[in-house]
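In this note's numbering, the protein residues as written are 237 to 862. Note that CB positions come from ideal geometry on N, CA and C, so glycine has one too. Heads up, the thing below is written out as structure tokens.
Next up, the structure:
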């Protein structure tokens with residue numbers, strides 16, 4: 237965490253010309269948000285600002301004396317009253333990568349209360365800035381900028397504000413610029429650190445860069461004069477040149493050329509010393525910028541000096557030997573285990589006088605643990621389905637930063653591997669909730685206790701509610717309907733309160749056995765329940781608000797019998813053939829064959845009749861007398 241007093245030493249108080257280019261080179265993603273602003277505009281530095289958006293709550297405001305601010309984006313603010321909860325955020329969709337993030341913060345008595353607020357600021361779930369009332373008068377009136385470098389890995393740049401007591405956090409503007417992912421030696425330091433600016437100085441010149449001059453800095457950095465950070469015991473002089481400097485504006489830091497066209501040195505071989513503010517709880521990365529711009533130095537060995545950090549000799553520098561003349565040379569050193577709030581940096585001459593063009597000091601803030609991704613999805617789904625009111629401040633990461641309270645009604649713990657945070661308890665009783673329980677609640681696999689009692693929640697209970705580690709469940713006094721899912725028969729449950737709803741159907745026997753084995757279960761007030769002691773028996777063909785297994789089996793068997801009968805009828809009347817059927821005769825052939833057969837039958841009948849007549853006559857003659 238960066239303390240407020242240290243932050244004030246980093247940033248000039250009056251930065252009314254502070255702005256940035258309309259793009260970040262060579263990465264094209266950037267947002268310049270005029271917090272509280274109602275319309276888009278282009279600044280005098282050709283920077284495209286957009287109206288306020290991507291916020292989770294709050295209200296727009298206007299500084300008391302807008303005519304004192306030459307930049308339009310500094311005149312409006314967004315503040316977050318406690319009615320929007322203790323935690324509010326800007327959540328900006330961006331591609332994954334590394335980003336330069338800068339905020340402008342000003343009070344200027346916008347609320348006529350003459351009381352600057354206390355609040356904290358986090359980036360990507362890690363606390364980075366703290367503001368405590370009362371602010372120094374000039375800061376309160378004119379405002380201050382602060383910036384950092386951070387990695388975005390989830391497709392969202394999240395900047396959150398946390399109220400101290402009941403104060404309303406605020407912000408004047410927010411800038412997010414994509415930068416080279418390998419900048420500032422990130423390949424060595426890794427992606428788990430946020431680099432918070434504790435001083436970005438140009439030596440021997442006035443402030444320049446974004447908002448101070450037309451000199452370009454593709455990262456959007458502002459370089460402030462080093463005057464306020466010089467030790468008073470040195471006699472110094474400035475050098476400058478109009479010549480071009482080699483090896484500037486190059487990957488991966490894209491340091492501007494103008495930084496190396498000026499330098500500070502001493503007279504009479506005296507040391508050059510800077511005193512920088514630090515927080516002893518953090519490590520620091522100090523970057524040194526050199527360029528030999530003295531035309532009198534033409535070979536190695538003419539200017540040699542040692543660098544001392546807190547009295548430790550950490551390096552010997554010969555600029556010409558490293559890169560030659562009029563060429564940029566960068567070097568950095570990481571300072572650890574500080575025991576003083578002032579960091580002493582000395583350039584002690586060995587041959588000639590020391591010389592420096594620029595100095596940067598970044599606090600290395602480790603990323604805080606965040607809520608595991610699937611549980612973030614579950615909590616966002618619950619926020620929507622339960623219709624959680626704004627006053628509860630369910631914004632950003634549910635559990636992070638770990639130095640802040642979790643979302644109201646939410647309790648978090650480390651997971652088993654200590655690699656993330658998980659939700660273990662939801663206590664949202666009597667909060668006026670009017671939605672339903674999302675099925676995504678099953679993703680809260682570490683949930684031990686769920687209390688949603690005395691709300692107006694409706695719908696069916698989620699089918700997997702009770703799976704996992706749930707021990708206590710209180711859904712009493714709501715408007716839930718439908719059946720009780722079998723998942724509530726979990727052996728882990730010790731307390732189940734479902735009374736005062738409109739549930740129906742058969743009670744799972746495993747659920748009822750919780751009460752039998754020493755747990756507590758209350759199902760009273762659900763008139764449609766059945767199937768366990770103290771409740772009526774369920775109809776044979778009805779259970780859990782629907783057809784029972786026996787009913788489904790009977791219906792299935794009936795369907796099979798009907799299908800068999802239909803197939804039998806089709807066979808009897810449509811498929812089975814008669815003995816005298818002719819399968820392949822054409823219609824006229826079949827008719828001809830039938831006619832011939834009929835004639836044959838008639839002829840056969842006549843012949844038989846004639847034969848019978850003849851036989852009858854013969855029989856009669858044989859009966860004559862002898």
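Next item on the list: Could you check the C-alpha separation between residue 314 and residue 271 for me, to the nearest Å?
Entry: 5 Å
Notebook entry, point to check: Which residues bound the alpha helix (DSSP H) around residue 424?
Noted result: 422-425 is the extent of the alpha helix (DSSP H) around residue 424.
Note to self: In the DSSP assignment, the beta strand (DSSP E) including residue 374 goes from what residue to what residue?
What the structure shows: Note, residue 374: premise wrong, no beta strand (DSSP E); alpha helix (DSSP H) at 373-378.
Next item on the list: For residue 559, write down the residues that DSSP places opposite it in a beta bridge.
Entry: None; residue 559 has no bridge partner.
Notebook entry, point to check: Helix or strand or just coil, what does DSSP make of residue 631?
Noted result: In this structure, residue 631 counts as coil in the three-state DSSP scheme.
Note to self: Contact between the segment 523-540 and the segment 452-461 is defined here as three or more beta-carbon pairs at a separation below 8 Å; is this criterion met?
What the structure shows: no
Next item on the list: Along the beta strand (DSSP E) that carries residue 621, what are the first and last residues, could you check?
Entry: Residue 621 -> not in any beta strand (DSSP E); alpha helix (DSSP H) instead, spanning 609-621.
Note to self: Contact defined as beta carbons within less than 8 Å: I believe residue 327 pairs with residue 392. What is the distance between those atoms, to the nearest angstrom?
What the structure shows: 5 Å between Cβ atoms; contact.
Checklist line | Same chain, Cβ closer than 6 Å to residue 377, neighbours up to 5 away in sequence not counted | finding: 344
Notebook entry, point to check: Distance, Cα to Cα, residue 335 vs residue 365?
Noted result: 17 Å
Item checked: Stretch pair the segment 354-361 + the segment 298-311: three plus CB contacts closer than 8 Å -> no
Margin query: Less than 8 Å between the beta carbons of residue 712 and residue 663, yes or no?
Written below: no
Notebook entry, point to check: For the alpha helix (DSSP H) that contains residue 312, what are its first and last residues?
Noted result: Segment 312-315 is the beta strand (DSSP E) holding residue 312; no alpha helix (DSSP H) there.
Next item on the list: Just confirm the distance between the C-beta atoms of residue 700 and residue 681, as a whole number of angstroms; I'd bet it's less than 8 Å.
Entry: Actually they do not touch by this definition, with Cβ atoms about 10 Å apart.
Notebook entry, point to check: Per the contact definition of three or more C-beta pairs closer than 8 Å, is the segment 652-671 in contact with the segment 604-616?
Noted result: yes
Item checked: Per-residue DSSP class, three states only, for residue 798 -> helix
Checklist line | Bridge-paired residues (DSSP) for residue 708 | finding: 685 and 731
Item checked: Candidates 412, 320 and 489: closest to residue 338 by CA position -> Between residue 338 and the set 412, 320 and 489, the nearest pair of CA atoms involves 412.
Next item on the list: Quick one: give me the first and last residue of the alpha helix (DSSP H) that residue 494 is part of.
Entry: 493-496
Notebook entry, point to check: residue 770 to residue 666, Cα distance in whole Å?
Noted result: 29 Å
Notebook entry, point to check: Buried or exposed: residue 793, going by 16 or more other Cβ atoms within 10 Å of its Cβ?
Noted result: Exposed, by the Cβ-count rule.
Next item on the list: Within the same chain, show all residues whose beta-carbon is closer than 8 Å to that of residue 385, passing over the 5 residues directly before and after it, in chain order.
Entry: 334, 335, 336, 337, 415, 419, 420, 430, 431 and 598
Margin query: Between which two residues does the beta strand (DSSP E) holding residue 752 run?
Written below: Per DSSP, residue 752 lies in no beta strand (DSSP E) segment; the continuous alpha helix (DSSP H) that holds it begins and ends at 745-752.
Checklist line | Whole-angstrom distance between residue 621 and residue 686, CA atom to CA atom | finding: 15 Å
Notebook entry, point to check: Would the segment 434-443 and the segment 463-474 be scored as touching if the rule is three or more Cβ pairs under 8 Å?
Noted result: yes
Next item on the list: Look at the alpha carbon of residue 250 and the alpha carbon of residue 668, and state the distance between them as a whole number of angstroms.
Entry: Interpretation of residue 250 is limited by its pLDDT of 35, a score under 50 that renders its predicted location unreliable; the figure taken from the coordinates is listed afterwards. One C-alpha to the other measures close to 46 Å.
Notebook entry, point to check: Candidates 497, 424, 580 and 765: which alpha carbon is nearest residue 548's?
Noted result: 580
Notebook entry, point to check: Relative to the alpha-carbon of residue 538, which residue among 550, 544, 520 and 558 has its alpha-carbon at the smallest distance?
Noted result: 558
Next item on the list: Just grab the DSSP bridge partners of residue 640 for me.
Entry: Paired residue(s): none; residue 640 is not in a bridge.
Notebook entry, point to check: Mind checking residue 389: buried by the 16 CB within 10 Å criterion, or exposed?
Noted result: Per the 10 Å Cβ criterion, exposed.
Notebook entry, point to check: Can you give, in chain order, each stretch of the beta strand (DSSP E) that sits fully within the segment 545-600 and has at least 3 residues?
Noted result: 548-553, 565-571 and 578-587, all fully within the segment 545-600.
Note to self: For residue 691 and residue 708, what's the separation of their Cα atoms in angstroms?
What the structure shows: 17 Å
Next item on the list: Say whether the segment 625-644 touches the segment 599-613, bearing in mind that this needs 3 or more beta-carbon pairs closer than 8 Å, one atom from each stretch.
Entry: These segments touch.
Note to self: Which of the three DSSP states is assigned to residue 472 in this structure?
What the structure shows: strand
Checklist line | Euclidean distance between Cα positions of residue 489 and residue 610 | finding: 35 Å
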